[in-house]
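J.: Protein chains in written order, with my numbering: chain L, 22 to 483; chain V, 3 to 535. Cβ coordinates follow ideal geometry from the N, Cα and C atoms, glycine included. Please read through the structure below; I'll follow up with questions.
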Amino acid sequence: MVQKVHPYIPNMVPKVQEEMLKVIGAKNIMELYSCIPDELKLKENMNIPPALTEYELRRHIEGILNKNTSTKEYLNFLGAGCWQHFIPAVCDEINQRSEFLTAYAGEPYEDHGRFHALFEYQSLVAELVDMDVVNVPTFDWGQAAATSIRMAARITGKKKVLLTKSTAPERRDIMINYGTPDLQFEFVQFDVKTGAMDLKDLEAKLTEDVAALYFENPSYLGFIEEQGPEISKLLKNNQSLMVVGVDPISLGVLAPPSHYGADIICGDLQPLGMHMNFSGGQAGFIATRDEVKFVQEFPSRLFGIVPTVKEGEYGFGDVYYDRTSFALREEGKESVGTQTALWGITAGVYLALLGPDGMYEVGQTIMQNSQYAVQQLNQIPNITGSCLNSPFFKEFIIDLNHTGLSVEELNKRLLEKKIFGGKDLSREFPEFGQSALYCVTEVHTKEDIDYLVQSIKEVIEK
Amino acid sequence: MQRINRTNKTRDFHQAKWNEPIIFELHQPGEKGVELPPVNKEVALAVGDGISVIPEVMQRKGRLGLPEIGQARVLRHYLRLSQETLGSDFNVEIGQGTCTMKYIPKINELLIRDPKMMELHPLQNEETVQGMLEIFHKLDLCMREISGMDYFSFQPGSGTQALFAMASIVRKYHESRGEGDQRNEIITTIFSHPSQAATAAVKGYKIITLHPDEDGFPDIEKLKAAVSERTAGFVVANPEDTGIFNPRIKEFTDIVHQAGGLCFYDQANANGLLGFTRAKEAGFDMCFFNLHKTFAAPHMCGGPATGALGVITKLKEFLPAPIVEHKDGKYSLQYDLKQSIGKVRSFHGVAQTVLRAYAWIRALGAEGLKEVAKIAVLNNNYMYHKVLAIRGASAPYVKGHRLEQVRYSWEQMTKETGVTTEDVTRRMTDFGLHYWTSHHPYIVKQPFTLEPTESYSKEDLDEYIHALEQISKEAYENPEIVKTAPHNSTIHKMDEQDFLDHPDKWCITWRSYLRKAEAPWSSPYKLEGPRLR
């Protein structure tokens with residue numbers, strides 16, 4: 022029987038193999054493996070099913086995926102770090118381009134377009150956060166925050182980091198694992214009625230050895246922290262840095278953290294054009310002022326614009342490459358490698374499409390829709406639509422404590438009505454009892470919100 | 003009709019050049035790129051403008067400085083930039099050795115765009131994502147077969163993050179045994195990826211780097227001298243960047259285990275090993291695979307990606323949470339891991355790349371995977387023989403066969419002609435090919451690292467080899483053409499002044515450029531060296 026040649030492996034053709042072996046001077050391919058001693062050689066065959074043809078593969082995978090129910094089929098009110106937003110078709114068109122999809126580590130010459138697009142992404146996000154330096158994106162918000170606080174520790178030469186207790190638990194876990202054992206962490210209390218940071222507690226914990234305070238605005242729990250200027254003052258007096266995590270889609274309507282004293286800003290690009298992908302759409306950014314003390318502490322690549330020998334051409338390259346672990350191994354700043362560049366390009370496309378008015382509109386619609394949801398939820402007896410009495414962006418906590426229902430029960434019942442209810446906070450934030458974090462964005466219509474409210478009402482009244 | 007001469011061995015190539023402006027220069031006040039879902043009138047009536055509830059201090063003042071551009075122009079701009087990018091779909095991407103640039107099957111890209119994948123929220127009820135969890139689990143089972151490890155996590159978002167997760171596990175493991183402070187050293191080798199040393203250092207470890215012996219093998223005597231009661235772990239690739247397989251690897255892991263350390267295996271690139279040899283038999287406690295390398299997920303300009311992290315049973319409880327479990331036909335997410343390091347990446351990692359890798363493995367089957375390894379090794383040894391015949395090129399260290407890649411040197415050519423490996427990088431662009439020097443430090447002088455994988459035909463390999471031959475010839479006969487390259491690329495050689503390394507001159511954003519392009523600058527400036535980690 023003729024050996025089957027796999028479509029992905031052209032040199033399985035026996036005649037070609039013979040020619041190549043002749044050049045090498047080997048009798049067969051196994052001879053090339055003589056460097057592996059017998060005791061290390063795998064004796065049995067791997068227990069992996071036989072190859073599928075392309076058609077069979079498609080049937081097989083689609084068969085498995087059909088067991089999923091997506092947010093296209095059910096109404097989704099989950100957020101908590103991964104959010105459902107409108108995605109312009111052009112974003113998908115660009116990030117599915119073969120050139121961008123399959124490029125990797127090309128030089129500034131053959132990959133000029135990749136450098137150009139990422140420089141533009143840096144520049145567009147810089148406008149959003151009103152800062153002069155933005156990195157080629159890292160893994161996600163959690164990693165961006167973790168690196169931001171390490172940068173702050175290097176800049177200040179101090180080792181203690183304060184986090185607000187309202188910090189997203191996942192991001193907190195990423196930061197703590199990334200920071201230890203070098204850094205020490207302490208937590209600042211917040212007011213459970215408003216979400217606002219407890220400034221007295223902050224003052225008490227703001228000892229001389231504090232490198233930075235990290236907080237999120239809008240916070241994980243949705244509320245807007247309005248004490249930025251006061252917090253900044255306290256930190257400056259203590260020679261500590263202010264690191265603020267932000268949802269970039271809020272920045273058409275909310276002041277960027279640089280306007281209330283942030284030294285380092287970080288956040289997630291996922292809302293800016295990335296599908297949720299079961300969490301594959303996350304991408305972290307970090308922004309600072311253009312000062313050497315900040316720039317030299319970035320572990321990430323930073324693309325800069327340069328002239329070429331020909332008048333009128335833009336070129337791009339790595340700024341201050343010798344900070345990186347690529348250049349210096351363990352002596353470099355943290356580490357750099359494959360992170361989330363394609364999502365950086367996509368976020369750039371998103372911002373270019375929306376422009377200043379689009380970013381304002383999307384922020385405003387999110388504010389209006391989410392406020393409407395809370396207003397309607399408040400009309401259900403025993404429910405508090407937002408258990409924090411402060412302004413919020415996109416997310417809010419529904420309080421079920423007076424309904425006798427647990428979040429788990431409610432979500433189960435909502436699922437029967439084809440709704441993914443909000444995230445159960447009862448374990449992460451026991452101070453709120455049976456409460457859930459709901460997310461309402463520009464993708465939710467009035468009918469969607471009304472159906473949610475009606476459904477919750479039905480479940481509770483039953 | 004006369005016969006058209008097509009006998010040129012190198013490609014007559016010119017890359018796209020659109021000379022696009024920076025996107026801000028396309029600003030046309032009043033133009034619009036996309037329409038957003040509008041707010042419902044009744045909603046607006048019920049809640050007002052939605053904005054005035056924002057406290058004064060938190061309201062955005064003024065208009066964002068983003069450009070206003072019509073949709074078609076935005077699209078055209080980015081399509082042009084994509085054409086100015088040489089993705090691996092377009093070129094014979096042999097030059098990015100260590101990174102396993104192989105064919106990215108189109109069927110996999112089609113599968114990941116299924117809304118039942120793309121539009122899943124990571125916190126959905128488990129009942130509604132059984133298919134996704136099944137894919138995670140089934141890929142885990144395949145990975146166990148390939149590595150001999152007992153359990154895999156797909157949370158890390160790259161090889162570097164997997165290395166960091168492994169260093170975190172090493173620390174947590176020794177802490178759990180009361181030896182966290184005592185064991186403060188991690189041993190690695192100079193021919194391993196820089197991230198091995200860098201991530202372990204972030205985790206607070208002192209790094210001991212082993213240099214190779216005369217033949218290019220990690221030096222076992224140096225390892226014996228390095229291990230002690232301070233040894234926390236040993237991390238290494240095998241083969242390393244040289245493509246030389248260390249046959250005594252089991253002795254290495256035994257030495258480290260005897261000293262009380264853990265051994266973790268950098269298998270970012272395992273392309274020559276599939277079905278031939280595994281982490282388990284070599285004595286490793288952990289390993290990781292880059293799904294965007296050996297397992298054919300695309301590199302996406304540098305991520306998102308996945309570093310699939312495998313561990314032996316005793317380290318399972320240290321993995322980042324959650325992990326996927328399969329019981330009685332149901333899949334579930336297990337968050338309760340007693341010794342978990344916590345999280346390295348949010349939620350579950352890059353799920354679409356998990357799906358791609360699973361699809362790729364199923365398209366090949368056990369036998370196909372072995373063919374991948376065999377042909378990758380055949381292709382590499384074919385190139386090895388051809389490249390060694392090129393004037394000025396060599397491959398230091400042990401003679402004989404290599405596995406999936408080789409680190410070569412132009413040392414001789416540089417000595418004789420002044421043409422460096424960086425010059426070759428730019429000249430290869432002129433033939434429509436990518437070529438990468440190598441990671442620092444350049445232990446091998448004037449290095450380049452080629453890895454042909456299984457994806458390329460003999461003709462493809464010959465095209466790459468001819469381009470290298472041509473450049474060598476030019477270096478000896480007309481070196482200026484190489485030194486002033488590129489000539490057929492999107493742009494010309496960049497100005498070599500310190501535009502990227504001088505704080506007064508570097509421009510990381512357009513707003514900085516607009517400010518600095520006109521400003522006077524003081525020179526020279528000396529940047530501070532690295533300080534704290």
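#1: If you draw a straight line from the alpha carbon of Ile245 of chain L to that of Leu275 of chain L, how long is it in whole angstroms?
#2: For chain L, is any of its Cβ atoms less than 8 Å away from the one on Gln407 of chain V?
#3: Nearest to Arg280 of chain V by CA position, among V:Ala378, V:Asp116, V:Pro241, V:Lys340, is which residue?
#4: Please tell me whether Thr87 of chain V and Phe337 of chain L are closer than 8 Å, where the distance is taken between their beta carbons.
#5: So if DSSP puts Asn21 of chain V in a beta bridge, which residue, or which two residues, is it bridged to?
#6: Among residues of its own chain, excluding the 5 on either side of Gln455 of chain L, which ones have a beta-carbon nearer than 6 Å to its beta-carbon?
#7: Tell me the rounded alpha-carbon separation between Lys252 of chain V and Tyr29 of chain L.
#8: I'd like the span of the alpha helix (DSSP H) that includes Leu86 of chain L, first residue to last.
#9: In three-state DSSP terms, what is Glu416 of chain L?
#10: Residues of chain V with a CB under 8 Å from the CB of Leu375 of chain L: which are they?
#11: So which residues on chain V does Gly282 of chain L lean against when the C-beta distance must stay under 7 Å?
#12: Classify Cys103 of chain L as helix, strand or coil using the three-state DSSP reduction.
#13: Can you tell which of V:Thr439, V:Phe156, V:Val426 has the C-alpha that lies nearest to the C-alpha of Tyr478 of chain V?
#14: Any idea which residues DSSP pairs Pro328 of chain L with across the strands?
#15: Which residues in chain L have a C-beta closer than 8 Å to the C-beta of Cys265 of chain V? List them in chain order.
#16: Which value, in whole angstroms, describes the spacing of the CA atoms of Ala167 of chain V and Gln472 of chain V?
#17: Could you name the residues of the same chain whose beta carbon sits closer than 7 Å to that of Ile378 of chain L, not counting the 5 residues immediately before and after it, in chain order?
#18: With a threshold of 8 Å between beta-carbons, can Lys254 of chain L be considered close to chain V, or not?
#19: Anything in chain L within Cβ reach of Asp464 of chain V, meaning under 7 Å, just list it in chain order.
#20: Check whether the Cβ of Arg434 of chain L lies closer than 7 Å to any heavy atom of the ligand GTP, and answer yes or no.
#21: Under three-state DSSP, which class holds Leu162 of chain V?
#22: Apply the 10 Å Cβ neighbour rule to Gly14 of chain L and answer buried if 16 or more other Cβ atoms are within range, or exposed otherwise.
#23: Just checking my contact of Tyr371 of chain L with Leu293 of chain L at CB under 8 Å: how many whole Å lie between their CB atoms?
#24: Whose C-alpha, out of V:Asn127, V:Leu339, V:Ala200, V:Asn21, is nearest the C-alpha of Leu349 of chain L?
#25: Which residues does DSSP pair with Asp289 of chain L in a beta bridge?
#26: In or out: Pro443 of chain V buried (at least 16 other Cβ within 10 Å) or exposed?
#27: Start and end of the alpha helix (DSSP H) containing Glu187 of chain V?
#28: When the Cα of Gly72 of chain V is compared with those of L:Glu449, L:Val26, L:Val111, which residue comes out closest?
#29: Check the DSSP bridge columns for Pro449 of chain V and list the partner residues they point to.
#30: Do the region 92 to 112 of chain V and the region 53 to 68 of chain L make contact, defined as three or more Cβ pairs closer than 8 Å?
#31: Rounding to the nearest angstrom, what Cα-Cα distance links Glu121 of chain V and Ala378 of chain V in this structure?
#32: If we count the other Cβ atoms within 10 Å of its Cβ and call it buried at 16 or more, is Glu498 of chain V buried or exposed?
#33: Could you give the C-beta distance for Ala359 of chain V and Gly277 of chain V, rounded to a whole number, given that I count them as a contact under 8 Å?
#34: For Ile398 of chain V, write down the residues that DSSP places opposite it in a beta bridge.
#35: How about Ile109 of chain V: is its C-beta nearer than 8 Å to some C-beta of chain L?
#36: Could you check where the beta strand (DSSP E) with Ala261 of chain V kicks off and where it finishes?
T.: From the atom records:
#1: Within the first sequence, numbered from 1, the residue matching residue 245 of chain L stands at position 224. Within the first sequence, numbered from 1, the residue matching residue 275 of chain L stands at position 254. Their backbone Cα atoms lie some 9 Å apart in a straight line.
#2: For this step, residue 407 of chain V is matched to residue 405 along the second sequence. No, Gln407 of chain V does not count as interfacial toward chain L.
#3: Along the second sequence, read from residue 1 onward, the residue named residue 280 of chain V stands at position 278. For Arg280 of chain V, the nearest C-alpha among the options comes from V:Pro241.
#4: Position 85 of the second sequence, counted from the start, is the residue given in the question as residue 87 of chain V. Position 316 of the first sequence, counted from the start, is the residue given in the question as residue 337 of chain L. No. Outside cutoff.
#5: By 1-based counting over the second sequence, the position of residue 21 of chain V is 19. For Asn21 of chain V, which the question treats as bridged, DSSP gives no partner whatsoever.
#6: Position 434 of the first sequence, counted from the start, is the residue given in the question as residue 455 of chain L. Correct list, in chain order: Leu421, Asn422, Ser427, Val428, Ser447.
#7: In the second sequence, residue 252 of chain V corresponds to position 250, counting from 1. In the first sequence, residue 29 of chain L corresponds to position 8, counting from 1. If I take the Cα positions, the gap works out to 33 Å.
#8: Start at 1 with the first residue of the first sequence, and residue 86 of chain L comes out as number 65. Looking at the DSSP string, the run of the alpha helix (DSSP H) that includes Leu86 of chain L is 75 to 86.
#9: Taking the first sequence and counting its residues from 1, one reaches residue 416 of chain L at position 395. DSSP places Glu416 of chain L in strand when its eight states are reduced to three.
#10: Residue numbering aside, residue 375 of chain L sits at position 354 when the first sequence is read from its first letter. The answer, in chain order, is Gly35, Val36, Leu38, Leu68.
#11: Indexing the first sequence from 1 puts residue 282 of chain L at position 261. Near Gly282 of chain L there are no residues of chain V at all, since even the closest Cβ is about 11 Å away, more than 7 Å.
#12: Within the first sequence, residue 103 of chain L is the residue found at index 82, counting from 1. Residue state, collapsed to three classes: coil.
#13: Position 476 of the second sequence, counted from the start, is the residue given in the question as residue 478 of chain V. Here the closest residue by C-alpha is V:Val426.
#14: For the purposes of this step, residue 328 of chain L is taken as the residue at position 307 of the first sequence. Answer by DSSP bridge pairing, in chain order: L:Tyr335.
#15: Within the second sequence, residue 265 of chain V is the residue found at index 263, counting from 1. Correct list: empty, because the minimum Cβ distance to chain L is about 14 Å.
#16: What you label residue 167 of chain V is simply residue 165 of the second sequence in a count that begins at 1. What you label residue 472 of chain V is simply residue 470 of the second sequence in a count that begins at 1. One C-alpha to the other measures close to 44 Å.
#17: Looking up residue 378 of chain L in the first sequence gives position 357. Per the sequence shown, the amino acid found at residue 378 of chain L is Asp instead of Ile. Cβ neighbours of Asp378 of chain L beyond the five flanking positions: none.
#18: The count along the first sequence starts at 1 and reaches residue 254 of chain L at position 233. It does not: the Cβ of Lys254 of chain L has no partner Cβ on chain V nearer than 8 Å.
#19: If you number the second sequence from 1, residue 464 of chain V lands on position 462. Near Asp464 of chain V there are no residues of chain L at all, since even the closest Cβ is about 10 Å away, more than 7 Å.
#20: For the structure depicted, the ligand GTP is absent and the ligand set is empty, with no information on it obtainable.
#21: Locating residue 162 of chain V in the second sequence gives position 160, counting from the first residue. The question names Leu, but residue 162 of chain V in the sequence shown is Thr. Thr162 of chain V falls in the helix class under three-state DSSP.
#22: Nothing about residue 14 of chain L can be read from this structure; chain L reaches only from 22 to 483.
#23: As a working mapping, residue 371 of chain L is identified with position 350 in the first sequence. As a working mapping, residue 293 of chain L is identified with position 272 in the first sequence. Indeed they touch by this definition, with Cβ atoms about 4 Å apart.
#24: In the first sequence, counting from the first residue as 1, residue 349 of chain L sits at position 328. Nearest of V:Asn127, V:Leu339, V:Ala200, V:Asn21 to Leu349 of chain L, Cα basis: V:Ala200.
#25: The residue labelled residue 289 of chain L in the question sits at position 268 within the first sequence. Answer by DSSP bridge pairing, in chain order: L:Gly305.
#26: Taking the first residue of the second sequence as position 1, residue 443 of chain V is located at position 441. Exposed.
#27: Within the second sequence, numbered from 1, the residue matching residue 187 of chain V stands at position 185. Glu187 of chain V -> not in any alpha helix (DSSP H); beta strand (DSSP E) instead, spanning 187 to 191.
#28: As a first step, residue 72 of chain V is located in the second sequence; it is residue number 70 there, counting from the start. Looking at the Cα atoms, L:Val111 is the closest of the given residues.
#29: The count along the second sequence starts at 1 and reaches residue 449 of chain V at position 447. The partner list for Pro449 of chain V (beta bridge, DSSP) reads V:Ser411.
#30: no
#31: Residue numbering aside, residue 121 of chain V sits at position 119 when the second sequence is read from its first letter. Residue numbering aside, residue 378 of chain V sits at position 376 when the second sequence is read from its first letter. The alpha-carbon atoms of Glu121 of chain V and Ala378 of chain V are separated by roughly 36 Å.
#32: Here residue 498 of chain V refers to the residue found at position 496 of the second sequence. Exposed, since its Cβ has fewer than 16 Cβ neighbours within 10 Å.
#33: Numbered from its first residue, the second sequence carries residue 359 of chain V at position 357. Numbered from its first residue, the second sequence carries residue 277 of chain V at position 275. 16 Å between Cβ atoms; not a contact.
#34: Locating residue 398 of chain V in the second sequence gives position 396, counting from the first residue. Checking the sequence shown, residue 398 of chain V turns out to be Pro, not Ile. DSSP output for Pro398 of chain V lists no bridge partner at all.
#35: Walking along the second sequence from the start, residue 109 of chain V turns up at place 107. Yes, Ile109 of chain V counts as interfacial toward chain L.
#36: Along the second sequence, one-based indexing puts residue 261 of chain V at 259. Run containing Ala261 of chain V: none; DSSP gives neither H nor E here.
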